[in-house]
Amino acid sequence: MKKNIIYLVLIVIIGVIAFVPGVKEKLQDTFFPIATIENAVHVSDEDYDIDLQGINVPSTNLKAFKDKAVFLNFWGTWCPPCRKEWPSIQKLYDARKDKVDFVLIAMNDQEDAVRKFLKENNYNVPVYIAQSPISEKILPKVFPTTYLLDKNGRIIIKEDASRDWNSESAHQFIDSIVK
1 MKKNIIYLVL IVIIGVIAFV PGVKEKLQDT FFPIATIENA VHVSDEDYDI
51 DLQGINVPST NLKAFKDKAV FLNFWGTWCP PCRKEWPSIQ KLYDARKDKV
101 DFVLIAMNDQ EDAVRKFLKE NNYNVPVYIA QSPISEKILP KVFPTTYLLD
151 KNGRIIIKED ASRDWNSESA HQFIDSIVK
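Take the sequence shown: its letter number 105 is residue 105 in full-length UniProt numbering, and every next letter is one higher.
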């Protein structure tokens, strides 16, 4: 009887985490993996060598962002979770664009579709389309995928899902790595 109650409580907890909106994000914000910084993967000079066609900004190469803190996001207009996180990325950009460079790379997308999406939603975060191969080290397997790179090219955060980027923990984390 006692075992059944414990199992029932565990199932309820897992259900709440999985199905109640906002609980997963709140837990993620509470237990943000700051300790992983020491074991962070570094992005090499070769990994930064990606020609980027600017959609709402001038074209460049990702190498231009080397030695800077970078919010690097891979997304697509065709991706519902990507579209879902855009409002929070825009808010984070508005609040932190002076502290971190934003590079959003539209993947498997047409330039016209990207321009239309940005215009319809009044988004002005810098968006690019890659014009050269992307290193396996940062090439996403799922969308959206977001990396937060520090000034030394360390991947401090890798998020393989949609999240609220305008959270207090995201703001604090950016503030802490740009000091």
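All C-beta atoms, glycine included, are put in the ideal place defined by N, C-alpha and C. Given the structure is predicted, the values throughout are model-derived calculations rather than measurements.
Which residues does DSSP pair with residue i in a beta bridge?
i	result
residue 163	For residue 163, which the question treats as bridged, DSSP gives no partner whatsoever.
residue 157	148
residue 123	DSSP output for residue 123 lists no bridge partner at all.
residue 130	52
residue 42	154
Less than 8 angstroms between the C-beta atoms of residue i and residue j, yes or no?
i	j	result
residue 151	residue 68	yes
residue 71	residue 117	no
residue 128	residue 156	no
residue 76	residue 98	no
residue 167	residue 144	no
residue 147	residue 138	yes
residue 174	residue 96	yes
residue 55	residue 111	yes
residue 100	residue 43	no
Considering Cα atoms alone, identify which of the options is closest to residue i.
i	options	result
residue 65	126, 133 and 172	126
residue 164	131, 92 and 136	92
residue 88	177, 171, 6 and 179	171
residue 57	124, 42 and 94	124
residue 160	55, 84, 5 and 141	141
residue 63	86, 5, 132 and 74	132
residue 114	86, 60 and 1	86
residue 61	130, 176, 3 and 14	130
residue 74	107, 90 and 59	107
residue 46	176, 136 and 4	136
Any beta carbon from chain C within less than 8 angstroms of residue i's own beta carbon?
i	result
residue 56	Of the protein chains in this structure there is only one, and it is not chain C.
Could you pull out every unbroken alpha helix (DSSP H) segment of at least 4 residues lying fully inside the segment 50-118, listed in chain order?
Within the segment 50-118, the complete alpha helix (DSSP H) segments at least 4 residues long are 80-96, listed from N- to C-terminus.
Do the segment 49-69 and the segment 135-151 meet, that is, are 3 or more Cβ pairs less than 8 angstroms apart?
Yes, they touch.
Check whether the segment 44-52 and the segment 79-92 touch, using three or more Cβ-Cβ pairs below 8 angstroms as the test.
Using a Cβ-Cβ distance cut-off of 8 angstroms, the segment 44-52 and the segment 79-92 are not in contact, since fewer than three pairs of beta carbons, one from each stretch, lie closer than that value.
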